[in-house]
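Enquirer:
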Amino acid sequence: MSKDKSIVVKIDGKRLTSDRKGYSKDIEKISRDEIAAAEDSSEDRIHTYTREYDITSIGNQSAIHKINKFDMFKPIIIAIASALIVGSILGFVMLKVIVNFDNSLNSSPAILVPDKENGTNNNDDTSSQDRTLYTIEPLSAFVIQGGIFSTLENANKISSQFNELGYSPFVWEKDNQFFLLVQVGEKKEDLQEDINFLTENGLDVYGKEWVVDGKEIQLTKQESEWITSFQQTWVASLNEGKWNDEKWNTLFDSLPEKSDRLTSFQSELKDSIQQVNEKESNHILLSIWADYQSIFSN
């Protein structure tokens, strides 16, 4: 290309012709115009600004938010806790009251209300009379024991050995065992002579205290008085060493009528009294003493 040849340039669709000499000047002018236009354009734009946040203040706002939430639920939590505490205290108090009430009922004497039929009371029926808690004293004495057996058959076999020596032993069943009781007396010294005699004849015996324990039971006044009379009559017969028909018949006749507590013993006592002529008084006293326990089992 020659130096003097013209140059054709298109700018914005316009065709411009220039010689080489003026070309560089036109280029510089165009560049200045574009730069100026770019600067004008940039001034018209909306600048984007970056906002900086304080992390510490954000954390404080979160904590404040949490505190506000706690403040909102705090009354509810306090109300629930208070209800639990008050409920526990009231429950404990009520339980204590109920237990004390039950104990007071158990310790109070039971009372049997008389049955009423057609608007009238049957005063002759002791089973329908008011009952009260009475303490029955223990009844004790000393006995000669000839052995303890697991069966009644074995006890009766050994009993025959005492029969040969003139004794009439009694077999007392207690705690699923059979005790062979040979003799009974008020004191151990009263039995020593018999113990020596039996030992000399090759029998293994020894003296011991025998007790029918006392107990608190529901009785009518008539029943309580009769049991006291029975104990006194039994001890008197033991001290006298003989059977007194008059005392025992009087005692039997004074039994309260229709007494549920004494019905079983009444029948057994009657049978024992009828055997007085057949067996020794010692055997009868032991038999009645054993039957006497039935009063406490009813």
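To convert, count from 1 in the sequence shown and add 250; that's my numbering. No residue lacks a Cβ here, since even glycine has one placed at the ideal position from N, Cα and C.
(1) What is the DSSP secondary structure of Gly435, reduced to helix, strand or coil?
(2) For Ser390, name the three-state secondary structure that DSSP assigns.
(3) According to DSSP, is Leu501 part of a helix, a strand, or is it coil?
(4) Determine contact between the segment 529 to 544 and the segment 450 to 458, defined as no fewer than three beta-carbon pairs at a distance below 8 Å.
(5) CB Val526 to CB Leu488, shorter than 8 Å?
(6) Look at the alpha carbon of Lys497 and the alpha carbon of Asn426, and state the distance between them as a whole number of angstroms.
(7) Can you tell me where the beta strand (DSSP E) holding Gln468 begins and where it ends?
(8) Figure out for me which residue from Gln481, Leu431, Ser522 and Tyr384 has the closest Cα to the Cα of Ala405.
(9) If you draw a straight line from the alpha carbon of Ser332 to that of Ile348, how long is it in whole angstroms?
(10) What is the residue span of the alpha helix (DSSP H) that Lys520 lies within?
(11) Using only the alpha-carbon positions, how far apart do Gln516 and Ile408 sit?
(12) Using beta-carbon positions only, say whether Ser390 and Val461 come within less than 8 Å of one another.
(13) Can you tell me which of Leu536, Ser338, Phe502 and Asp541 puts its alpha carbon nearest to the alpha carbon of Glu436?
(14) Look at the alpha carbon of Thr449 and the alpha carbon of Ser544, and state the distance between them as a whole number of angstroms.
(15) In this structure, what does DSSP give as the bridge partners for Thr382?
(16) Buried or exposed: Val343, going by 16 or more other Cβ atoms within 10 Å of its Cβ?
(17) For Pro506, I'd like the list of residues in its chain whose CB is within less than 8 Å of its CB, leaving aside the five on either flank, ordered along the chain.
(18) Exposed or buried, Ser410, counting other C-beta atoms within 10 Å across all chains shown (16 or more means buried)?
(19) If you compare alpha carbons, which of Leu519, Lys492 and Trp493 is closest to Ser504?
(20) Which of the three DSSP states, helix, strand or coil, is assigned to Gln543?
(21) Buried or exposed: Val393, going by 16 or more other Cβ atoms within 10 Å of its Cβ?
(22) Based on the DSSP output, what are the partners of Phe399 in its beta bridges?
(23) The alpha helix (DSSP H) with Glu450 in it runs from where to where?
(24) Identify whether Glu507 lies in helix, strand or coil by the three-state DSSP scheme.
(25) Where Ile308 and Met322 are concerned, what is the direct C-alpha to C-alpha distance, given to the nearest angstrom?
(26) Could you check what DSSP says for Glu414 in three-state terms: helix, strand or coil?
(27) Could you spell out where the beta strand (DSSP E) holding Trp460 opens and where it closes?
(28) Which value, in whole angstroms, describes the spacing of the CA atoms of Asp228 and Leu441?
(29) So, Phe429 versus Ile398, is the Cβ gap smaller than 8 Å?
(30) So, with DSSP's three-state summary, where would you put Trp476?
Expert: A quick look at the data gives this:
(1) For the purposes of this step, residue 435 is identified with residue 185 of the sequence shown, where counting begins at 1. Residue state, collapsed to three classes: strand.
(2) Translated into the one-based positions of the sequence shown, residue 390 becomes position 140. Ser390: strand per DSSP, three-state reduction.
(3) Position 251 of the sequence shown, counted from the first residue, corresponds to residue 501. It is helical.
(4) Flag = no, the segment 529 to 544 and the segment 450 to 458 do not touch.
(5) Position 276 of the sequence shown, counted from the start, is the residue given in the question as residue 526. Position 238 of the sequence shown, counted from the start, is the residue given in the question as residue 488. Result no, Cβ atoms of Val526 and Leu488 do not sit closer than 8 Å.
(6) Here residue 497 refers to the residue found at position 247 when the sequence shown is read from its first residue. Here residue 426 refers to the residue found at position 176 when the sequence shown is read from its first residue. Spanning the two alpha carbons is a distance of roughly 34 Å.
(7) Locating residue 468 in the sequence shown gives position 218, where the first residue counts as 1. Lys465 to Leu469 is the extent of the beta strand (DSSP E) around Gln468.
(8) Taking the sequence shown and counting its residues from 1, the one referred to as residue 405 is at position 155. Of the listed residues, the one whose Cα sits closest to Ala405 is Leu431.
(9) Sequence index remark: in the sequence shown, residue 332 carries index 82 (1-based). Sequence index remark: in the sequence shown, residue 348 carries index 98 (1-based). C-alpha separation (whole angstroms): 24 Å.
(10) On the sequence shown, position 270 is the one that residue 520 refers to. Counting along the chain, the alpha helix (DSSP H) containing Lys520 begins and ends at Thr513 to Gln524.
(11) Here residue 516 refers to the residue found at position 266 of the sequence shown. Here residue 408 refers to the residue found at position 158 of the sequence shown. Rounded to whole angstroms, the gap between the alpha carbons of Gln516 and Ile408 is 30 Å.
(12) Against the sequence shown, residue 390 aligns to sequence position 140. Against the sequence shown, residue 461 aligns to sequence position 211. For Ser390 and Val461, yes; Cβs fall inside 8 Å.
(13) In the sequence shown, the residue the question calls residue 436 occupies position 186. Closest by alpha carbon: Leu536.
(14) Taking the first residue of the sequence shown as 1, we reach residue 449 at position 199. Taking the first residue of the sequence shown as 1, we reach residue 544 at position 294. Near 34 Å, if we compare the C-alpha coordinates of Ser544 and Thr449.
(15) Walking along the sequence shown from the start, residue 382 turns up at place 132. According to DSSP, residue pairing for Thr382 in a beta bridge involves Leu469.
(16) The residue given as residue 343 occupies position 93 in the sequence shown. The residue is exposed, with fewer than 16 neighbouring Cβ atoms inside 10 Å.
(17) Taking the first residue of the sequence shown as position 1, residue 506 is located at position 256. Apart from sequence neighbours up to five positions away, the residues of its chain that approach Pro506 with a beta-carbon distance below 8 Å are Thr376, Thr470, Gln472, Glu473, Trp476 and Leu512, ordered along the chain.
(18) Counting from one through the sequence shown, the residue named residue 410 turns up at place 160. Classification for Ser410: exposed.
(19) For the purposes of this step, residue 504 is taken as residue 254 along the sequence shown, with counting starting at 1. Comparing Cα positions, the closest option is Leu519.
(20) Stepping through the sequence shown from its first residue, residue 543 is reached at position 293. In the structure shown, Gln543 sits in coil (DSSP, three-state: anything other than H, G, I, E or B).
(21) For the purposes of this step, residue 393 is taken as residue 143 along the sequence shown, with counting starting at 1. Its Cβ being crowded by 16 or more others within 10 Å, Val393 is buried.
(22) As a first step, residue 399 must be located in the sequence shown, where it is residue number 149. Phe428.
(23) In the sequence shown, the residue the question calls residue 450 occupies position 200. First-last of the alpha helix (DSSP H) with Glu450: Gln442 to Glu450.
(24) Numbered from 1 along the sequence shown, position 257 holds the residue referred to as residue 507. Of the three classes helix, strand and coil, the one that applies to Glu507 here is coil, per DSSP.
(25) Within the sequence shown, numbered from 1, the residue matching residue 308 stands at position 58. Within the sequence shown, numbered from 1, the residue matching residue 322 stands at position 72. With a pLDDT of 49 at Ile308, under the threshold of 50, the predicted position of this residue should be treated as unreliable, and no value is reported.
(26) Here residue 414 corresponds to residue number 164 of the sequence shown, with the count starting at 1. When secondary structure is reduced to three states using DSSP, Glu414 falls in the coil class, being assigned neither helix nor strand.
(27) Counted from its first residue, the sequence shown places residue 460 at position 210. Its beta strand (DSSP E) spans residues Tyr456 to Val462.
(28) What the structure shows of the chain is the stretch from 251 to 548, and residue 228 is not part of that stretch, so it cannot be assessed.
(29) By one-based count along the sequence shown, residue 429 stands at place 179. By one-based count along the sequence shown, residue 398 stands at place 148. Closer than 8 Å, so yes.
(30) As a position in the sequence shown, residue 476 is number 226, starting the count at 1. Trp476 falls in the helix class under three-state DSSP.
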